[in-house]
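Numbering (the UniProt record's numbering), first residue to last: 1 to 365.
Ideal Cβ placement from N, Cα and C applies to all residues, glycine included.
Since the model is a prediction, treat every value here as computed from it, not as a measurement.
Comments concern the structure below.
Below is the structure:
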């Protein structure tokens with residue numbers, strides 16, 4: 001409690017005078033979320049233990065998942081008038097342009113963008129909180145009414161293991177799903193396989209999940225679209241190359257060859273070409289520029305072009321555009337972007353210094 005509560009809250013809840021070390025009245029534990037008893041006994045808090053009991057309790061509702069708010073609830077949410085006003089003001093200031101760097105209204109546009117994002121986050125958290133309260137308040141009534149109508153209780157379906165790295169998925173299956181009928185030989189084989197999977201997993205990189213990840217169409221789905229009597233394509237003749245030489249215009253030419261990443265992340269397509277170029281410049285370009293300064297040859301990250309060597313970075317950019325179909329920024333564009341970033345950081349630094357100076361001036365006055 002001493003670590004969780006402030007001095008004023010602790011004095012109020014313990015009901016003692018700030019200038020004395022004695023208690024003179026009852027605790028107000030009914031409206032406090034602190035472990036007052038263990039704090040008085042100088043023992044460890046029981047909050048973690050209580051949290052564990054709540055997790056494994058028989059009254060735990062597995063249907064109350066993290067993203068339990070239905071889509072229709074989100075669709076029926078009215079637009080926030082404050083956000084609408086800010087978006088209209090931002091649209092007027094931007095004048096139809098995407099980039100705002102260097103414009104006369106840049107500061108105001110960025111402030112509006114931050115305010116819109118923060119307000120949307122607050123609204124989403126409020127909707128989630130209110131729906132959870134609504135769900136737990138009405139869930140018992142819904143269950144009783146369903147029993148009175150003679151309806152069968154919904155059977156809980158255990159969620160499937162959905163992992164992007166195959167080695168992690170197989171390791172989770174071995175550790176979590178262990179039938180009772182395994183023999184000593186089966187256990188030994190699973191232990192050896194688990195060790196091999198752990199070693200292989202140490203060499204993998206797990207990227208963040210995103211709803212914009214595009215899964216490639218399967219061969220079966222493509223064949224089903226063909227008419228039954230058509231003999232133009234047959235299953236043995238149709239071979240889907242997971243990493244073709246001609247890439248999508250918004251695929252990263254370096255990530256596609258990173259074998260530590262999951263296949264889905266290697267084939268990821270960015271929403272727009274400038275977003276891809278920002279990713280490449282921030283993540284992959286510095287290593288090639290450092291190699292060029294050391295006089296080393298430049299490489300291509302595509303799995304089919306790893307033997308290709310280039311004299312300089314611009315030579316590599318030409319290869320990526322002509323062979324892989326991906327257009328990267330040239331050296332002049334990269335230098336201009338870095339200059340804009342440096343100016344923006346310097347502007348933010350000066351703004352923080354001015355703000356601190358103003359606060360110190362107010363404090364002195």
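What are the partner residues of residue i, as DSSP defines its beta bridges?
i           : result
residue 299 : 309
residue 269 : 251
Since residue i and residue j are thought to touch, with beta carbons under 8 Å apart, how far apart are those beta carbons, to the nearest angstrom?
i           : j           : result
residue 337 : residue 281 : 7 Å
residue 165 : residue 204 : 5 Å
residue 289 : residue 320 : Going by Cβ atoms, the distance from residue 289 to residue 320 rounds to 15 Å, so no, they are not a contact pair.
residue 302 : residue 324 : 6 Å
residue 207 : residue 242 : Contact flag wrong, Cβ pair sits at about 17 Å.
residue 277 : residue 329 : 5 Å
residue 83  : residue 120 : 7 Å
residue 297 : residue 270 : The pair is not a contact, with the Cβ atoms about 28 Å apart (cut-off 8 Å).
residue 112 : residue 142 : The Cβ separation is near 42 Å, so there is no contact.
Thinking just about the alpha-carbon of each residue, which of the options is nearest to the one in residue i?
i           : options               : result
residue 167 : 127, 260 and 96       : 260
residue 68  : 247, 302, 313 and 134 : 134
residue 65  : 75, 146, 124 and 128  : 128
residue 332 : 308, 256, 356 and 317 : 317
residue 267 : 273, 248 and 285      : 248
residue 272 : 287, 252, 284 and 151 : 252
residue 335 : 286, 153 and 275      : 286
residue 157 : 363, 77, 73 and 62    : 62
residue 201 : 344, 170, 292 and 81  : 170
residue 383 : 107, 83 and 82        : Since the displayed the chain opens at 1 and closes at 365, residue 383 lies outside it and no answer follows.
residue 300 : 245, 351 and 349      : 245
residue 101 : 192, 177 and 339      : 339
residue 80  : 92, 115, 70 and 99    : 115
residue 305 : 84, 191, 149 and 256  : 256
residue 75  : 124, 98 and 117       : 124
residue 291 : 275, 78, 274 and 310  : 310
residue 117 : 308, 105 and 90       : 90
residue 73  : 358, 131, 341 and 347 : 131
residue 264 : 122, 163, 294 and 197 : 163
residue 326 : 275, 77, 88 and 151   : 275
Is the beta carbon of residue i within less than 7 Å of some heavy atom of the ligand COA?
i           : result
residue 103 : Among the components modelled here there is no ligand, and therefore nothing to report on the ligand COA.
In the DSSP assignment, the alpha helix (DSSP H) including residue i goes from what residue to what residue?
i           : result
residue 242 : That residue, residue 242, is in no alpha helix (DSSP H); it is neither H nor E in DSSP.
residue 359 : 331–364
residue 94  : 81–94
residue 72  : 71–75
residue 286 : 285–293
Quiz item: In chain order, which alpha helix (DSSP H) runs of at least 4 residues are fully inside the segment 114–196?
Solution: 166–176
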